[in-house]
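>
Residue numbers (the working numbering): 13 to 181.
1. Kindly indicate which residue of 83, 106, 102 and 63 has the alpha-carbon position closest to the one of residue 159.
2. Looking at chain B, is there any beta carbon in it that lies within less than 9 Å of the beta carbon of residue 69?
3. Buried or exposed, going by whether 16 or more other CB atoms sit within 10 Å of the CB of residue 175?
4. For the beta strand (DSSP E) that contains residue 67, what are its first and last residues?
5. Determine, using beta carbons only, whether residue 61 and residue 147 come nearer to each other than 9 Å.
6. Given that a residue counts as buried once 16 or more other Cβ atoms are within 10 Å of its Cβ, and exposed if not, what is residue 164?
7. By the 10 Å Cβ neighbour count, where 16 or more other Cβ atoms means buried, how is residue 40 classified, buried or exposed?
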């Protein structure tokens, strides 16, 4: 069997040193097409909900849904990116549950409204386009939304829900 030639995807042509901040790096990754569909650079980071299930420092299993853009605006993320601190759900996030103490909280953010529905479970309505993100793993995540489970050894479970808003005409 013949080994295929390595393919150069051009990732080595840019160094991270040229960016002053992580935000600058993210902005550099946006294309004109991205901006057309997402409307602006700020919106490009507003539409992600991260579900994390893991153990807290006390060894208690916790889980929750994090509005990524809201967390980025309300706390410094450098320790997470530098792996000096672990990203874990907090009682102030969209949703938080401590499985040992049975403490449960939910909070709407500037981006998402929390909807607790007795039949369908937990839902998040995007405040911009009013579309609902369904986080039930057995259900479709909703219009313009995707669900991506991330396999990792660092957490018990990580799922990313991306929600794309439509450009108004």
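Glycine is no exception: its CB is placed at the ideal position from the N, C-alpha and C atoms. Quick caveat: nothing in here was measured; it's all calculated off a predicted structure.
Result, derived from the coordinates:
1. 63
2. No chain B appears in this structure, which consists of one protein chain only.
3. buried
4. 60–67
5. yes
6. exposed
7. exposed
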